Amino acid sequence: MRFQKETLLAGTNSSGRDITEARKQNGSTEGSRVQLGELVLSPPKTTPFREYSKAIQKWEGKVISLSGDTFRATLSPIVGDKLEQEAEIYVQDVTPDERSFIEPGAIFYWSIGYLERPSGRVRESIIRFRRLPMWTDNEVKKAGRDLTVYFNE
Amino acid sequence: MTSESPNDGELEVSIFGPGYGEAIALHVGLGRWILVDSCLEPNSGKPAQLQYLESLGINASLAVKLIVATHWHDDHVQGMGMLVRECKSAEVAVSAALKSPHFSALLDLYGGGAFPGSSGVTEFVNVFRSLDERRKSGTKINAAKLAVPDKLLYRDNIRLNRKNREVEIYSLSPSDSAILSAQLDFYQRIPDTGTHKKRIACPSTNNTSVVLWVRIGDHRILLGSDLEKTSDPKTGWTVIINESQAIKEKALVYKVAHHGAESSHDPDIWSKLLSDKPFALLSPYSIAGNSLPKDEDLDRVAGLTPNGFITAPPKIKKFRPSDGVVRETIQAVTKTMRSVNIGWGQVRLRRNIEDSADYKVDLFGDAYNIQPN
Amino acid sequence: MPQIKIQGANIVLIGNFNPAIFHPSWFAAHNLLRAEEADAATINIVHPDVASFKTEWLAVDIVKERFQLGTVQESFYETLRDIVVGILGLLSHTPIKFMGINREFHFDLVSEDSWSGLGHRLVPKEDWNPLLKSPGMRNLVVEGLRPDDLKGYLRVMVQPSTQIKYGVYIEVNDHYVLKEDEKDVGGADRARVVLSEKWNESMKRSSEIAQAIAKLGEKT
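Residue numbers (the working numbering), protein chains in the order written: chain X, 5 to 157; chain G, -4 to 368; chain R, 6 to 225.
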């Protein structure tokens, strides 16, 4: 399977399709067209995006402390009102399998807005903790470089 | 905050904040500037000092001669990488505690792209990157000076009306004990394999801060950074007050340590290091529900001098979003929510280097005199 | 005033990949997705030549030379970035030559006047009228240099929206060249640093470009 060679080299625009194809579907995030031997797999027929969301207010949060049923966090704005905030957030508003992430220094995102679905508009408030792979042995052991060149003495 | 730049014979001390931190700009005469720490001006998102110098029509790449990062905490270094990059003629000075293999490890772990967004550590990655660029371009100023007690970081001669006025800037800290303690702290912050990646937390104490003693002709300025008072006589303010050789006279200007917090107040600073009725400069700071300076801190400083000024009110206020959906959601999800580090201002002091006239004070933005009316 | 009706973000990497590893369970095993999300994913295919699946909010499409993750849910833009940062950390030896941080917008221009006004503003009809009967803009691509000191370009594509009546689709491709020269294979580490450091700036810039273009229809 391969895309047209020019497509691959066309750049990092979405979906990698040849620009002259005029991107009939207006947007790549619904999937790519692939060809595997004789088998052609096509993305679903073009329809309005099934679900898409818009944030009215979004913050990046950093946990300061956890106490009882709330955790305290600083909130730096990403979308919406530009002031820095501090909040005590109820732990119950964090999905259960992410509550173990609530510790000082942990980063999360809190987005308030609307989710547009075929069935209608839904108000949403999502708190989601940043997930990164755990520290590996390799990462920790190879960290550290000679800083001598950066200092005068 | 636009105004005219100081004339050649005028000294200036400006403090900016909060903007999640504070920053200082000093004019030492003849268009030469010293920058201490860095914070971002909230509207533009640019380093406050660069914004200010630009507003005065000053070319920072030529005019700035020294940049000092007094410690590595988030609240004092936002934008520091850009400062070093833009101010190409400036020497750089950092705490000697940072010359440590453990700090180097933290730079790699937390600053190597593993954590999107900026922090104190990523700013230092940017600082070192800027020094790399200087080295590659053949610039001679391509390594940082290390601040230790009584170290001369900057010396200059300002020739005014055929007379030489000496300018000297000394670091008064961190002490050897504080450096060792900081390096142990860095080691303890190296994460264990198999643990979650999370943002590095700044230490709660500030014993490795770089306090600066500035002499411009006959004038003295003490910049207290965030240094705290400690029970260990070999760290904090005690060791400076008891052992510093660089302090020979008293200062008339004091950047109050650690936003006026009680933990950084030592009466001996005021009685032994400062002149009568000094100009005391503060910027507010809020974190973890604590807003500094507290009312009692302001009262204390106001009781010690009638010339106390702060860049913005140290207040937090309940967050009242204009959007109804956001408002209702916040009410449901949070027990409390407050806007912090509100306001922005600059306190500026200027005087002629050559005479004994008092400082002229200009207040911009939300800055005000803390003396109760 | 043009309103954004639909928007999306995606990250594209050009390099050498092994699609077979990119199963939803791999994402969950490396703490990149929640286990429930991985379990509920709709898998089109995971094969040595191609991996394609979707979760509630994430679309993954990977072939050997190209890696694309994207979302049309604004709540998850930063999570999308974090997943790619995490993957780049895990696959630090993967050769990666180019990276694109891309935004897509469907603006509602509300009126036919604004909609056709925008097309006319971008591609003035006077020159086309003698050549074609009722000419209309179907697709416009404009490329500019990067505003920073990194290699690459900014490429903007404008088309009539297929999702919204009197709408315009705008894509901004923020393209980074990660290899130093032709012989350099680039690297995941470089991609990770650029993505971590440039994301905020890229997102803001792409929004501003798209908003400015969408408003052009108002001025005619």
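Using N, Cα and C, we set each Cβ at its ideal position, and we do this for glycine too. It should be emphasised that the depicted structure is a prediction, and the values quoted were computed from it without experimental measurement.
When you check each C-beta in the stretch 108 to 126 of chain G against every C-beta of chain R, which residues fall closer than 7 angstroms?
Gly108, Ala109, Phe110 and Pro111
Under 8 angstroms, CB to CB, which of the residues in the stretch 137 to 150 of chain G have a partner in chain X?
Ala138, Ala139, Lys140 and Leu141
Run the CB neighbour count on Glu81 (chain G), radius 10 Å, all protein chains shown included, and call it buried at 16 or more, exposed below.
As a position in the second sequence, residue 81 (chain G) is number 86, starting the count at 1. Counting Cβ neighbours within 10 Å, Glu81 (chain G) comes out buried, since at least 16 surround it.
Closest residue to Leu151 (chain X) among G:Ile136, G:Ser132 and G:Phe119 (Cα-Cα distance):
To locate residue 151 (chain X), count along the first sequence from 1; it is residue 147. Comparing Cα positions, the closest option is G:Phe119.
Straight-line Cα distance separating Asp261 (chain G) from Phe304 (chain G):
Position 309 of the second sequence, counted from the first residue, corresponds to residue 304 (chain G). Position 266 of the second sequence, counted from the first residue, corresponds to residue 261 (chain G). Answer to the nearest angstrom: the Cα atoms are 19 angstroms apart.
Quick check: the Cα distance between Lys140 (chain G) and Tyr149 (chain G), rounded to an integer number of angstroms?
By one-based count along the second sequence, residue 140 (chain G) stands at place 145. By one-based count along the second sequence, residue 149 (chain G) stands at place 154. Cα to Cα, Lys140 (chain G) sits roughly 10 angstroms from Tyr149 (chain G).
If you reduce the DSSP assignment to three classes, tell me which class Asn107 (chain R) lands in.
As a working mapping, residue 107 (chain R) is identified with position 102 in the third sequence. Correct three-state label for Asn107 (chain R): strand.
Determine the burial state of Asn23 (chain R): buried for a count of at least 16 other Cβ atoms within 10 Å of its Cβ, exposed for fewer.
What you label residue 23 (chain R) is simply residue 18 of the third sequence in a count that begins at 1. So Asn23 (chain R) ends up on the exposed side.
Beta-carbon spacing of His180 (chain R), Gly105 (chain R) below 7 angstroms:
Translated into positions along the third sequence, residue 180 (chain R) becomes position 175. Translated into positions along the third sequence, residue 105 (chain R) becomes position 100. Closer than 7 angstroms, so yes.
I need the DSSP call for Asp101 (chain X), collapsed to helix, strand or coil.
Start at 1 with the first residue of the first sequence, and residue 101 (chain X) comes out as number 97. In this structure, Asp101 (chain X) counts as helix in the three-state DSSP scheme.
When you compare the CB of Thr99 (chain R) with every CB in chain G, is at least one pair closer than 7 angstroms?
As a working note, residue 99 (chain R) is residue 94 in the third sequence. Chain G, which has no Cβ nearer than 7 angstroms to the Cβ of Thr99 (chain R), makes this no.
Of all the CB atoms in chain X, is at least one closer than 7 angstroms to the CB of Ala246 (chain G)?
Along the second sequence, read from residue 1 onward, the residue named residue 246 (chain G) stands at position 251. So no, Ala246 (chain G) is outside the interface.
Using the three-state DSSP reduction, which class does Ile214 (chain R) fall into: helix, strand or coil?
Residue mapping note: residue 214 (chain R) aligns to position 209 of the third sequence, counting from 1. Here Ile214 (chain R) sits in helix by DSSP.
To which residues of the same chain is Lys49 (chain X) closer than 7 angstroms at the C-beta, ignoring the five residues directly before and after it?
On the first sequence, residue 49 (chain X) is found 45 positions in, with the first residue counted as 1. Here the model assigns Lys49 (chain X) a pLDDT of 34, short of 50, so the residue's position is not dependable and the matter cannot be decided.
Taking DSSP as the reference, what is the three-state secondary structure of Ala297 (chain G)?
Taking the first residue of the second sequence as 1, we reach residue 297 (chain G) at position 302. DSSP places Ala297 (chain G) in helix when its eight states are reduced to three.
Whose C-beta lies closer than 8 angstroms to the C-beta of Ser116 (chain R) among residues of the same chain, with five residues either side of it excluded?
Within the third sequence, residue 116 (chain R) is the residue found at index 111, counting from 1. Result list for Ser116 (chain R): Tyr171, in chain order.
Out of G:Asp32, G:Trp67 and G:Trp28, state which residue places its alpha-carbon closest to the alpha-carbon of Asn54 (chain G).
Numbered from 1 along the second sequence, position 59 holds the residue referred to as residue 54 (chain G). Closest by alpha carbon: G:Trp28.
Enclosing alpha helix (DSSP H) for Gly139 (chain X) [first to last residue]
The residue labelled residue 139 (chain X) in the question sits at position 135 within the first sequence. Contrary to the premise, residue 139 (chain X) reads as Trp rather than Gly in this sequence. Taken as a continuous stretch (DSSP letters only), Trp139 (chain X) belongs to no alpha helix (DSSP H), as it is neither H nor E.
May I ask you to list, following chain order, the residues of the stretch 191 to 206 of chain R that have a beta carbon less than 9 angstroms from some beta carbon of chain G?
Asp194, Arg195, Ala196, Arg197, Val198, Val199, Leu200, Ser201, Glu202, Trp204 and Asn205
Output yes if chain X places a C-beta closer than 7 angstroms to the C-beta of Asn36 (chain R); else output no.
Start at 1 with the first residue of the third sequence, and residue 36 (chain R) comes out as number 31. For Asn36 (chain R), the answer is yes, since a Cβ of chain X falls inside 7 angstroms of its Cβ.
Name, going along the chain, the residues of the stretch 18 to 34 of chain R whose beta-carbon falls closer than 8 angstroms to a beta-carbon of chain X.
Leu18 and Ile19
Does the structure place the stretch 271 to 281 of chain G close enough to the stretch 295 to 304 of chain G that three or more beta carbon pairs sit under 8 angstroms?
yes
What number of angstroms, rounded off, separates the C-alpha of Arg184 (chain G) from the C-alpha of Thr140 (chain X)?
On the second sequence, residue 184 (chain G) is found 189 positions in, with the first residue counted as 1. On the first sequence, residue 140 (chain X) is found 136 positions in, with the first residue counted as 1. Going by the C-alpha atoms only, they are around 15 angstroms apart.
Does the stretch 97 to 116 of chain X touch the stretch 341 to 351 of chain G, meaning 3 or more C-beta pairs lie closer than 8 angstroms?
no
Does the contact criterion of 3 or more C-beta pairs under 8 angstroms hold for the stretch 230 to 241 of chain G versus the stretch 72 to 86 of chain G?
no
What residues are listed by DSSP as bridge partners for Pro13 (chain G)?
Along the second sequence, read from residue 1 onward, the residue named residue 13 (chain G) stands at position 18. G:Trp339.
Our contact map puts Thr329 (chain G) next to Glu92 (chain X) with C-beta atoms below 8 angstroms; I'd like the distance itself, whole angstroms only.
Residue 329 (chain G) sits at position 334 when you count from the first residue of the second sequence. Residue 92 (chain X) sits at position 88 when you count from the first residue of the first sequence. Yes, they are in contact, since the Cβ atoms of Thr329 (chain G) and Glu92 (chain X) sit about 6 angstroms apart, within 8 angstroms.
For the stretch 78 to 104 of chain R, which residues have a beta carbon sitting closer than 7 angstroms to at least one beta carbon of chain G?
Arg86, Asp87, Val90 and Gly94
By the DSSP assignment, the alpha helix (DSSP H) with Arg75 (chain G) in it spans what residues?
On the second sequence, residue 75 (chain G) is found 80 positions in, with the first residue counted as 1. The sequence given here has Met at residue 75 (chain G), not Arg. Met75 (chain G) -> alpha helix (DSSP H) spans Met75 to Glu81.
Top-ranked residue by Cα proximity to Glu83 (chain R), from X:Thr78, X:Asp73 and X:Lys62
Mapped onto the third sequence, residue 83 (chain R) falls at position 78. Measuring from the Cα of Glu83 (chain R), the nearest candidate turns out to be X:Lys62.
Could you name the residues of the same chain whose beta carbon sits closer than 6 angstroms to that of Ile365 (chain G), not counting the 5 residues immediately before and after it, in chain order?
Taking the first residue of the second sequence as position 1, residue 365 (chain G) is located at position 370. Cβ neighbours of Ile365 (chain G) beyond the five flanking positions: Leu293, Ala297, Gly303 and Ile305.
Return the first residue and the last residue of the beta strand (DSSP E) that Thr129 (chain X) is part of.
Walking along the first sequence from the start, residue 129 (chain X) turns up at place 125. Here residue 129 (chain X) is Ser; the residue named in the question, Thr, does not match the sequence. Gly124 to Phe133 is the span of the beta strand (DSSP E), which, as asked, contains Ser129 (chain X).
Helix, strand or coil: how does DSSP classify Ala26 (chain X) here?
Position 22 of the first sequence holds residue 26 (chain X). For Ala26 (chain X), the pLDDT reaches just 34, beneath the cut-off of 50, and the residue's location in the model is therefore unreliable, although a value from the coordinates is still provided. In the structure shown, Ala26 (chain X) sits in coil (DSSP, three-state: anything other than H, G, I, E or B).
Tell me, please, whether the CB atom of Gly319 (chain G) is closer than 7 angstroms to any CB atom in chain X?
Your numbering for residue 319 (chain G) matches position 324 in the second sequence. No, Gly319 (chain G) does not count as interfacial toward chain X.
Counting only Cβ-Cβ distances shorter than 7 angstroms, please list the residues of the stretch 86 to 117 of chain X near chain R, keeping chain order.
Asp101, Tyr113, Ser115 and Gly117
Which residue comes first and which comes last in the beta strand (DSSP E) that contains Lys272 (chain G)?
Position 277 of the second sequence holds residue 272 (chain G). Taken as a continuous stretch (DSSP letters only), the beta strand (DSSP E) holding Lys272 (chain G) covers Leu269 to Leu277.
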